[in-house]
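Take 2 as the starting number for the sequence shown in the numbering used here and just add one per residue.
Notes to accompany the following structure.
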Amino acid sequence: MLNSTIMMGFLLTGFSDVWELRVLHAITFFLMYTVTLMGNILIVTVTTLDRSLHTPMYFFLRNLSILDACYISVTVPNSCINSLLDSNTISKAGCVAQVFLVVFFVYVELLFLTIMAHDRHVAVCQPLHYPVIMNPQICIQMTLASILSGLIYAGVHTGNTFRLPFCQSNVIHQFFCDIPSLLKLSCSDTFSKEMVTIASGLGIGGGCFIFIIRSYIHIFSTVLKFPSGADRKKAFSTCVPHILVVSVFLSSGFYVYLRPSENSSTIHDMVLSVFYSIIPPLFNPVIYGLRNEQIKYAINKMKRMFIQEMIRNILYNLFTWQGKYRYIILVIRPKFC
Numbered sequence: 002m003l004n005s006t007i008m009m010g011f012l013l014t015g016f017s018d019v020w021e022l023r024v025l026h027a028i029t030f031f032l033m034y035t036v037t038l039m040g041n042i043l044i045v046t047v048t049t050l051d052r053s054l055h056t057p058m059y060f061f062l063r064n065l066s067i068l069d070a071c072y073i074s075v076t077v078p079n080s081c082i083n084s085l086l087d088s089n090t091i092s093k094a095g096c097v098a099q100v101f102l103v104v105f106f107v108y109v110e111l112l113f114l115t116i117m118a119h120d121r122h123v124a125v126c127q128p129l130h131y132p133v134i135m136n137p138q139i140c141i142q143m144t145l146a147s148i149l150s151g152l153i154y155a156g157v158h159t160g161n162t163f164r165l166p167f168c169q170s171n172v173i174h175q176f177f178c179d180i181p182s183l184l185k186l187s188c189s190d191t192f193s194k195e196m197v198t199i200a201s202g203l204g205i206g207g208g209c210f211i212f213i214i215r216s217y218i219h220i221f222s223t224v225l226k227f228p229s230g231a232d233r234k235k236a237f238s239t240c241v242p243h244i245l246v247v248s249v250f251l252s253s254g255f256y257v258y259l260r261p262s263e264n265s266s267t268i269h270d271m272v273l274s275v276f277y278s279i280i281p282p283l284f285n286p287v288i289y290g291l292r293n294e295q296i297k298y299a300i301n302k303m304k305r306m307f308i309q310e311m312i313r314n315i316l317y318n319l320f321t322w323q324g325k326y327r328y329i330i331l332v333i334r335p336k337f338c
């Protein structure tokens, strides 16, 4: 048997060794991270404060935005810091946490996207039964089931990965810890582990994708029966971008995770990883929220309320200060007379 070593830490791979390119990478990732956070936080705030948006559709949209903000926070900030400091080390505990959280968020993201497609299918194809099928209790149960099953799924895969002995190297050819890169470092036979990863990925990801496509086929077939107009255009403008984002998310993830570990290119895999770790959280708020007329109306209403409240506070402070100033004048004037 090969001598295996207990690795206390790993080395992540950067996009470049050139300082200028590292700075460019850090700035680009930071801007994408900032835009993603702002977009998702805005949607969470609007859907929480506006009571007219307390419906199943916006309940899942709020959950998806919270999930996306957490998902992108697992990998991008650490990558930006590593690029600027030129320090790519990560502890074993940090690597375990990254693997667990990435798998968990990817799994729950897929389930949320599938549930949202089902929600739209029921709303368009079965509008009379919508209040019964998508009642608040069922929505909460589906959310909790997604989270709990995601914790179990991520825990099983993370545990199986880190039970393997690592003796090849401690260099992970990726800008964050992921299962395919770690399998390459193991000195034991990883064929069974790779087969389990492929089978579970195809089962869950493929099943979700088929369900989403099936839902949108029913939606399109129903929408095409509508008279041509704003309703048909609105349905297509919302559904098509969603399908594109889901397709990019799944195809890039499948290509990286389901390809045999010996047939891989480091830079190629790192670029593809951006498509399933950064692009979906970045574009989901735009597709689901900022293109939505009700969200736009709620944002404008919040802006008007904020501006009115700010003006009211300014006027109140101004008149209060003037009153205090007059009082001080009246008190001090007799002393100088």
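Where a beta carbon is used, it is the ideal one built from N, C-alpha and C, also for glycine.
Between TYR289 and the rest of its own chain, which residues show a CB-CB distance below 6 Å, the 5 nearest in sequence each way excluded?
-> LEU62
Segment limits, beta strand (DSSP E) that includes SER170 | Here SER170 belongs to no beta strand (DSSP E), and DSSP marks it neither H nor E.
Collapsed DSSP secondary structure at ILE91 in the structure displayed | strand
Span of the alpha helix (DSSP H) holding GLY40?
-> 20-50
By the 10 Å Cβ neighbour count, where 16 or more other Cβ atoms means buried, how is ALA200 classified, buried or exposed?
-> exposed
Can you tell me the Cβ-Cβ gap for CYS240 and THR115, rounded? I've got them flagged as a contact below 8 Å.
-> About 14 Å separates the two Cβ atoms, so there is no contact after all.
DSSP bridge partner residues for GLY10 (one or two, in chain order) = SER92
TYR108 beta carbon less than 8 Å from that of GLY160 = no
Please confirm whether any heavy atom of the ligand FAD lies closer than 7 Å to the CB of MET39.
-> The model on display carries no ligand, and the ligand FAD is accordingly not part of it.
What's the call for THR49, buried or exposed, on a 16-neighbour Cβ count within 10 Å?
-> exposed
Count the C-beta pairs between the stretch 131-139 and the stretch 188-203 that are closer than 8 Å, then say yes if the count reaches three, no if not.
-> no
Own chain, CB closer than 6 Å to SER189, minus 5 neighbours either side, in chain order = LEU165 and PRO166
List the DSSP bridge partners of SER187.
-> PHE167
Simplified DSSP assignment, three categories, for THR198 = helix
Enclosing alpha helix (DSSP H) for CYS81 [first to last residue] = 57-86
Return the chain-ordered list of same chain residues with a C-beta closer than 8 Å to the C-beta of VAL246, the five sequence neighbours on each side being excluded.
-> ILE280, PRO281, PHE284, ASN285 and ILE288
So HIS158 and VAL104 are in contact, right, with Cβ under 8 Å, and what is the actual spacing, rounded?
-> 5 Å
Can you tell which of VAL100, PRO78, SER80 and ASP87 has its C-alpha closest to the C-alpha of VAL19?
-> ASP87
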